[in-house]
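Q: Everything in the sequence shown is counted per the numbering used here, starting at 137 for the first residue and increasing by one.
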Amino acid sequence: MNINKKIQYRLLSRNIRYAYIEGMAFCFMLGTTIPYLGLYILRFNGPEELVSLIASAQPVILCIFSLLAASFVNSFQKKKPVLIPASFLVRIFVFLIALIPLFPKPWHAWMLFIMWSLMYIPWAFSNLSWSPMMSNIIPDEMQARFFGTRNTLTGVTTLLGTIFTGFILGKMPFLPGFSLIFIISFAGTIVSLYYLNKQIEPLVPDPGETKKQYRTHNCPLFQFDFKTTFSTFWDPIYGKIFGLTCLAIFIFHIGYSMAIPLFTLRQVQQLGLDNSTIGWIATLTGLAALFGSYIGGRASNRWGYRYVLLFSTMFSIIPPLIWALTPKLPWLYLASFLWGLTGNAYMICFLYMVLAVSPFKDRSRFVAMNTVTGNLAGALGPIIGMFLIKIPAVEIQGSLLIASLFMFIGAIFSFLVAKKGNI
Numbered sequence: 137m138n139i140n141k142k143i144q145y146r147l148l149s150r151n152i153r154y155a156y157i158e159g160m161a162f163c164f165m166l167g168t169t170i171p172y173l174g175l176y177i178l179r180f181n182g183p184e185e186l187v188s189l190i191a192s193a194q195p196v197i198l199c200i201f202s203l204l205a206a207s208f209v210n211s212f213q214k215k216k217p218v219l220i221p222a223s224f225l226v227r228i229f230v231f232l233i234a235l236i237p238l239f240p241k242p243w244h245a246w247m248l249f250i251m252w253s254l255m256y257i258p259w260a261f262s263n264l265s266w267s268p269m270m271s272n273i274i275p276d277e278m279q280a281r282f283f284g285t286r287n288t289l290t291g292v293t294t295l296l297g298t299i300f301t302g303f304i305l306g307k308m309p310f311l312p313g314f315s316l317i318f319i320i321s322f323a324g325t326i327v328s329l330y331y332l333n334k335q336i337e338p339l340v341p342d343p344g345e346t347k348k349q350y351r352t353h354n355c356p357l358f359q360f361d362f363k364t365t366f367s368t369f370w371d372p373i374y375g376k377i378f379g380l381t382c383l384a385i386f387i388f389h390i391g392y393s394m395a396i397p398l399f400t401l402r403q404v405q406q407l408g409l410d411n412s413t414i415g416w417i418a419t420l421t422g423l424a425a426l427f428g429s430y431i432g433g434r435a436s437n438r439w440g441y442r443y444v445l446l447f448s449t450m451f452s453i454i455p456p457l458i459w460a461l462t463p464k465l466p467w468l469y470l471a472s473f474l475w476g477l478t479g480n481a482y483m484i485c486f487l488y489m490v491l492a493v494s495p496f497k498d499r500s501r502f503v504a505m506n507t508v509t510g511n512l513a514g515a516l517g518p519i520i521g522m523f524l525i526k527i528p529a530v531e532i533q534g535s536l537l538i539a540s541l542f543m544f545i546g547a548i549f550s551f552l553v554a555k556k557g558n559i
């Protein structure tokens, strides 16, 4: 199958509108969860190690199952038949998490950890199919701008979810507030699924193909076809720049993901901030993320992903340094704003730069390898941080400085990408 440009442009405005609505509805849930995962664990009286473990669970699961599912997803020329069932399963887990307060209290923290981790198994299938589907729907010359605008709009609802959660946690007892947060989040994800299903891929059969030939070959749901997936690094056209990009992201993302749970531990355990203040910090980060997504997308569309990757990684080094060196709230607010601004510009590159350094055929394998690279780093970061904070001479503040060092080295490799790349 190939993209029919006439159909692509005829459906473009409708598909873009549905993609915006779908993303905004889904990302309300991300605003209620991601910034508060560590806080949920601590309020459930879970051990502090679980704060780092739940942060590393997502990348570990995505890393493993992206490798296992790459061949299966790549065998589908149209990605929607994979995307919709997997997305539905993700939403079921959101609903199940809302029921955690109904169980005995000693189970709460571990149930959240287990359910949140298992949710990323179907999420891996969604991730591998969604990005290639959107690359089929959106013309190449519009993709960076589309993703930047979409991320800005989804950032609005992410921010609303963050504000809503901070308000609920500040006004209600924790357990009923937790359930209310996740039930409303689940409702948003169902709206998201409806609009996700309404999007149409503009693919038409090649000569000799029938409309039912959605798959290039049959393969099992999970397949240990690692050799083919890793061969993306040796692609004669894209392999070199793809490999250098993955290396830059891998090193930088270790520090980036290490810093996130350390921020929570610094806020709760060392500075003793209350729920409302933590909520304001998360809100400020989310507000800055709106600008980061918009600026990152527009800049990527105009100058290329490589320069956005370079400058976002360079300036992302500053917030962990501030958190490590001062307890003063004005500086911490500034660090949170800068973290949201630069972090979301970086995430544009982390998530979508792969579409610019991969071919139309076998794109799911490149997405899988990009996912594995970033999420392996995302798993290592919190685990490294968890061990570092146990060292008396290092603790939380020293760990934040080490996270900045990883990010600095990643920024150096981002400079090499900007110097040698053409993306």
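No residue lacks a Cβ here, since even glycine has one placed at the ideal position from N, Cα and C.
1. Would you say residue 398 and residue 521 are within 8 Å of each other, going by their C-beta atoms?
2. State the DSSP-derived secondary structure class of residue 477, mapped to helix, strand or coil.
3. Count the other C-beta atoms from every protein chain shown that fall within 10 angstroms of the C-beta of residue 449, then say buried if there are 16 or more, exposed otherwise.
4. Starting from residue 451, follow the alpha helix (DSSP H) in both directions and report where the run begins and ends.
5. Pick out whichever of 273, 234, 294 and 199 has its Cα sitting closest to the Cα of residue 261.
6. With residue 305 as the anchor, note down where its alpha helix (DSSP H) starts and where it stops.
7. What are the uninterrupted segments assigned as alpha helix (DSSP H) that are 4 or more residues long and contained completely in the stretch 202-269, given in chain order?
8. According to DSSP, what are the bridge partners of residue 138?
9. What is the rounded straight-line gap between the Cα of residue 474 and the Cα of residue 298?
10. What is the rounded straight-line gap between the Cα of residue 204 and the Cα of residue 499?
11. Relative to the alpha-carbon of residue 407, which residue among 206, 274, 228 and 462 has its alpha-carbon at the smallest distance?
12. What three-state label does DSSP hand residue 525 in the structure shown?
13. Just to check my reading of the structure: residue 468 and residue 548 have Cβ atoms closer than 8 Å, yes? What is that Cβ distance to the nearest angstrom?
14. Between the alpha carbons of residue 212 and residue 264, how many angstroms are there, rounded?
15. If you draw a straight line from the alpha carbon of residue 481 to that of residue 307, how long is it in whole angstroms?
16. Tell me which residue opens and which closes the alpha helix (DSSP H) that residue 544 is part of.
17. Residue 335: which of 216, 536 and 182 sits nearest, CA to CA?
18. Where does the unbroken alpha helix (DSSP H) through residue 165 begin, and where does it stop?
A: In short, the structure shows the following:
1. Residue 398 sits at position 262 when you count from the first residue of the sequence shown. Residue 521 sits at position 385 when you count from the first residue of the sequence shown. Yes. Within cutoff.
2. For the purposes of this step, residue 477 is taken as residue 341 along the sequence shown, with counting starting at 1. In the structure shown, residue 477 sits in a helix (DSSP, three-state: H, G or I).
3. The residue labelled residue 449 in the question sits at position 313 within the sequence shown. It is buried - the Cβ of residue 449 has at least 16 other Cβ atoms within 10 Å.
4. Residue 451 sits at position 315 when you count from the first residue of the sequence shown. From DSSP, the alpha helix (DSSP H) with residue 451 extends over 441-451.
5. Stepping through the sequence shown from its first residue, residue 261 is reached at position 125. For residue 261, the nearest C-alpha among the options comes from 199.
6. If you number the sequence shown from 1, residue 305 lands on position 169. From DSSP, the alpha helix (DSSP H) with residue 305 extends over 279-307.
7. 216-234 and 244-254
8. The residue labelled residue 138 in the question sits at position 2 within the sequence shown. Note: residue 138 sits in a beta bridge opposite 340.
9. Residue mapping note: residue 474 aligns to position 338 of the sequence shown, counting from 1. Residue mapping note: residue 298 aligns to position 162 of the sequence shown, counting from 1. Going from the Cα of residue 474 to the Cα of residue 298 covers about 17 Å.
10. Walking along the sequence shown from the start, residue 204 turns up at place 68. Walking along the sequence shown from the start, residue 499 turns up at place 363. The alpha-carbon atoms of residue 204 and residue 499 are separated by roughly 15 Å.
11. Locating residue 407 in the sequence shown gives position 271, counting from the first residue. Residue 407 has its Cα closest to that of 462, out of 206, 274, 228 and 462.
12. Here residue 525 refers to the residue found at position 389 of the sequence shown. Reduced to three states, the DSSP call for residue 525 is coil.
13. Position 332 of the sequence shown, counted from the first residue, corresponds to residue 468. Position 412 of the sequence shown, counted from the first residue, corresponds to residue 548. Wrong, their Cβ atoms sit about 27 Å apart, outside the cutoff.
14. By 1-based counting over the sequence shown, the position of residue 212 is 76. By 1-based counting over the sequence shown, the position of residue 264 is 128. One C-alpha to the other measures close to 11 Å.
15. Taking the sequence shown and counting its residues from 1, one reaches residue 481 at position 345. Taking the sequence shown and counting its residues from 1, one reaches residue 307 at position 171. So the alpha carbons of these two residues sit roughly 33 Å apart.
16. Translated into the one-based positions of the sequence shown, residue 544 becomes position 408. Taken as a continuous stretch (DSSP letters only), the alpha helix (DSSP H) holding residue 544 covers 531-556.
17. As a working mapping, residue 335 is identified with position 199 in the sequence shown. Checked all of 216, 536 and 182; the closest Cα to residue 335 is 216.
18. Start at 1 with the first residue of the sequence shown, and residue 165 comes out as number 29. Segment 148-169, the alpha helix (DSSP H) holding residue 165.
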